[in-house]
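Trainee: Let me give you the structure first, and then I'll get to my questions.
In the numbering used here, the protein residues as written are 377 to 520.
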């Protein structure tokens, strides 16, 4: 083959290869974005909490994808915060709940974070926050 025939052939091969690569990348991108979660609450406020009294709040979310959602892990920011969630899959269109309990053993303002990891994106966590104030005076007055 002469040089003039090789150049268009090379251009054609590169064009086809780039189209195949673009379609493959688009398919991978769609598979990563196929599952979605709508968080109804990302931050909850407890207000004043009596000293020594645990306080529990719920974080609700909705599976807005066409696939089952699994909560793989919920990590708390300290040992003073306990998390609880349903281990079963949450179906498409269904609502799930994560319960977070703060022990209330330290007086003053608190800001506790929990990080949620799902099967839709196990490499990125979603932060949820519980905010409030533990009041020692409230504990003393509640005993009377």
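No residue lacks a Cβ here, since even glycine has one placed at the ideal position from N, Cα and C.
Would you give the residue range spanned by the beta strand (DSSP E) that residue 511 belongs to?
Mentor: 497-511
Trainee: Report all residues from its chain with a CB closer than 7 Å to the CB of residue 421; omit the five preceding and five following residues, and keep chain order.
Mentor: 507, 508
Trainee: Should residue 511 be labelled buried (16 or more other beta-carbon atoms within 10 Å of its own) or exposed?
Mentor: buried
Trainee: In three-state terms, what does DSSP make of residue 514?
Mentor: helix
Trainee: Where residue 497 and residue 446 are concerned, what is the direct C-alpha to C-alpha distance, given to the nearest angstrom?
Mentor: 10 Å
Trainee: Taking the straight line between their C-alpha atoms, what separation do you get for residue 503 and residue 458?
Mentor: 15 Å
Trainee: Could you check which residue in 500, 440, 478 has the C-alpha nearest to that of residue 460?
Mentor: Per the Cα distances, 478.
Trainee: Do residue 416 and the ligand GTP come close, with the Cβ less than 6 Å from some heavy atom?
Mentor: The model on display carries no ligand, and the ligand GTP is accordingly not part of it.
Trainee: Do residue 451 and residue 505 have their CB atoms nearer than 7 Å?
Mentor: Using a Cβ distance threshold of 7 Å, residue 451 and residue 505 do not count as a contacting pair.
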